[in-house]
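Just remember that the working numbering sits 581 ahead of the position in the sequence shown, which is counted from 1.
The beta-carbon is built from N, C-alpha and C at its ideal position, and this holds for glycine as well.
Here the structure is laid out as C-alpha coordinates; the discussion comes afterwards.
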Amino acid sequence: MEKQIKEFWKELKTKAKDEWNVSKKELKNVKGEIEKFEELAQEKFKLSTTEAREKVKELYKEYDQLKWEGREELVKGKAQAMWSNITGDDWEKIKGSKTQFVGYIKEQYGKSQQEALKEFDKFLKNIST
(Lines of atoms letter the chains of each structure in order from A and count residues from 1; the text may use other names and numbers.)
(Lines give C-alpha, C1' and ligand atoms only; values in the text may rest on other atoms or scores of the structure.)
Protein backbone atom coordinates (compact mmCIF):
# COMPACT_ATOMS: atom_id res chain seq x y z
CA MET A 1 0.00 0.00 0.00
CA GLU A 2 2.92 2.35 0.65
CA LYS A 3 3.91 2.33 -3.03
CA GLN A 4 0.33 3.01 -4.16
CA ILE A 5 -0.06 5.90 -1.74
CA LYS A 6 3.08 7.49 -3.16
CA GLU A 7 2.05 6.86 -6.78
CA PHE A 8 -1.51 8.12 -6.33
CA TRP A 9 -0.76 10.82 -3.77
CA LYS A 10 -2.09 13.71 -5.85
CA GLU A 11 -5.52 12.09 -6.14
CA LEU A 12 -5.53 10.57 -2.67
CA LYS A 13 -4.73 13.85 -0.94
CA THR A 14 -7.77 15.42 -2.61
CA LYS A 15 -9.93 12.65 -1.15
CA ALA A 16 -8.30 13.11 2.28
CA LYS A 17 -8.84 16.88 2.11
CA ASP A 18 -12.52 16.42 1.32
CA GLU A 19 -13.30 13.54 3.67
CA TRP A 20 -11.01 14.31 6.60
CA ASN A 21 -11.42 18.10 6.45
CA VAL A 22 -7.67 18.72 6.51
CA SER A 23 -5.89 21.68 4.98
CA LYS A 24 -3.60 21.74 1.97
CA LYS A 25 -0.82 22.81 4.32
CA GLU A 26 -1.32 19.74 6.54
CA LEU A 27 -1.31 17.46 3.50
CA LYS A 28 1.70 19.19 1.95
CA ASN A 29 3.82 18.00 4.87
CA VAL A 30 2.80 14.37 4.23
CA LYS A 31 4.27 14.25 0.68
CA GLY A 32 2.81 10.80 0.03
CA GLU A 33 4.72 9.17 2.88
CA ILE A 34 2.57 6.60 4.66
CA GLU A 35 4.11 7.21 8.10
CA LYS A 36 3.38 10.94 7.90
CA PHE A 37 -0.11 10.20 6.59
CA GLU A 38 -0.75 7.95 9.58
CA GLU A 39 0.64 10.62 11.93
CA LEU A 40 -1.75 13.17 10.42
CA ALA A 41 -4.70 10.81 10.96
CA GLN A 42 -3.51 10.16 14.50
CA GLU A 43 -3.36 13.88 15.32
CA LYS A 44 -6.52 14.88 13.45
CA PHE A 45 -8.76 12.19 14.91
CA LYS A 46 -6.98 11.52 18.25
CA LEU A 47 -6.31 7.89 17.29
CA SER A 48 -3.84 5.27 18.40
CA THR A 49 -1.13 4.25 15.95
CA THR A 50 -3.09 1.14 14.98
CA GLU A 51 -6.34 3.06 14.55
CA ALA A 52 -4.59 5.70 12.42
CA ARG A 53 -3.10 2.99 10.21
CA GLU A 54 -6.60 1.54 9.73
CA LYS A 55 -8.00 5.00 8.96
CA VAL A 56 -5.42 5.47 6.20
CA LYS A 57 -6.11 1.97 4.83
CA GLU A 58 -9.85 2.69 4.83
CA LEU A 59 -9.39 5.95 2.92
CA TYR A 60 -7.11 4.25 0.41
CA LYS A 61 -9.57 1.37 -0.12
CA GLU A 62 -12.42 3.82 -0.70
CA TYR A 63 -10.29 5.66 -3.25
CA ASP A 64 -9.16 2.46 -4.96
CA GLN A 65 -12.41 0.48 -5.09
CA LEU A 66 -14.32 0.40 -8.36
CA LYS A 67 -17.99 -0.53 -8.25
CA TRP A 68 -19.70 -1.45 -11.49
CA GLU A 69 -23.07 -2.33 -9.88
CA GLY A 70 -24.46 -4.93 -12.25
CA ARG A 71 -22.82 -3.39 -15.31
CA GLU A 72 -19.63 -5.43 -15.28
CA GLU A 73 -20.08 -7.03 -18.72
CA LEU A 74 -20.86 -3.66 -20.31
CA VAL A 75 -17.88 -2.03 -18.60
CA LYS A 76 -15.62 -4.94 -19.55
CA GLY A 77 -16.69 -4.59 -23.20
CA LYS A 78 -15.97 -0.86 -23.19
CA ALA A 79 -12.61 -1.46 -21.52
CA GLN A 80 -11.69 -4.02 -24.17
CA ALA A 81 -12.79 -1.61 -26.90
CA MET A 82 -10.53 1.10 -25.48
CA TRP A 83 -7.60 -1.19 -24.57
CA SER A 84 -7.68 -4.15 -26.94
CA ASN A 85 -4.96 -6.06 -25.06
CA ILE A 86 -7.19 -6.71 -22.02
CA THR A 87 -7.81 -10.43 -21.70
CA GLY A 88 -10.34 -12.13 -19.44
CA ASP A 89 -7.55 -12.94 -16.98
CA ASP A 90 -6.37 -9.32 -17.01
CA TRP A 91 -9.92 -8.15 -16.36
CA GLU A 92 -10.21 -10.41 -13.32
CA LYS A 93 -7.07 -8.83 -11.87
CA ILE A 94 -7.96 -5.19 -12.54
CA LYS A 95 -11.76 -4.92 -12.46
CA GLY A 96 -12.17 -3.85 -8.84
CA SER A 97 -9.10 -1.69 -8.30
CA LYS A 98 -8.34 1.73 -9.72
CA THR A 99 -4.63 1.39 -8.93
CA GLN A 100 -4.45 -2.05 -10.57
CA PHE A 101 -6.31 -0.74 -13.63
CA VAL A 102 -4.06 2.31 -14.00
CA GLY A 103 -0.99 0.13 -13.41
CA TYR A 104 -2.16 -2.17 -16.20
CA ILE A 105 -2.49 0.76 -18.61
CA LYS A 106 1.00 1.99 -17.66
CA GLU A 107 2.59 -1.41 -18.08
CA GLN A 108 0.81 -2.66 -21.20
CA TYR A 109 0.84 0.60 -23.13
CA GLY A 110 4.04 2.26 -21.87
CA LYS A 111 2.21 5.25 -20.40
CA SER A 112 3.37 7.54 -17.63
CA GLN A 113 1.40 7.68 -14.39
CA GLN A 114 -0.32 10.91 -15.45
CA GLU A 115 -1.12 9.62 -18.95
CA ALA A 116 -2.56 6.40 -17.56
CA LEU A 117 -4.68 8.30 -15.02
CA LYS A 118 -5.92 10.63 -17.74
CA GLU A 119 -6.91 7.68 -19.94
CA PHE A 120 -8.59 5.95 -17.02
CA ASP A 121 -10.56 9.10 -16.12
CA LYS A 122 -11.63 9.42 -19.77
CA PHE A 123 -12.77 5.80 -19.64
CA LEU A 124 -14.80 6.43 -16.47
CA LYS A 125 -16.51 9.42 -18.11
CA ASN A 126 -17.22 7.30 -21.18
CA ILE A 127 -18.93 4.53 -19.21
CA SER A 128 -20.92 7.04 -17.15
CA THR A 129 -22.71 8.41 -20.19
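- Are the CB atoms of Gly613 and Lys642 nearer to each other than 8 Å? Not closer than 8 Å, so no.
- Item | Trp672 versus Leu593, Glu583, Lys609 and Glu653, residue with shortest Cα-Cα distance | The shortest C-alpha to C-alpha distance from Trp672 to any of Leu593, Glu583, Lys609 and Glu653 is the one to Glu653.
- Taking the alpha helix (DSSP H) that Gln646 falls in, what are its first and last residues? Careful: Gln646 lies outside any alpha helix (DSSP H) and carries neither H nor E.
- Query: Pairing CB atoms from the segment 613-623 with CB atoms from the segment 676-685, are three or more of them under 8 Å?
  - Reply: Counting C-beta pairs with one atom in each stretch, the segment 613-623 and the segment 676-685 have fewer than three that are closer than 8 Å, which means they do not touch.
- Spell out a yes or no on whether the segment 626-646 and the segment 678-690 are touching, meaning 3 or more CB-CB pairs, one atom from each, closer than 8 Å. yes
- If you draw a straight line from the alpha carbon of Ile708 to that of Gln661, how long is it in whole angstroms? 12 Å
- Query: Where does the unbroken alpha helix (DSSP H) through Ser709 begin, and where does it stop?
  - Reply: Gln694 to Ser709
- Item | Sufficient close CB pairs (3 or more, under 8 Å) joining the segment 596-613 to the segment 631-642 | yes
- If you drop the 5 nearest sequence neighbours on each side, which residues of the same chain put their C-beta closer than 8 Å to that of Leu608? Excluding sequence neighbours, Leu608 sits near Lys594, Ala597, Lys598 and Leu621.
- Query: What residues are listed by DSSP as bridge partners for Ser678?
  - Reply: Gln646
- Message: Taking the beta carbon of Gln585 as the centre, do at least 16 other beta carbons fall within 10 Å, making it buried, or is it exposed?
- Response: buried
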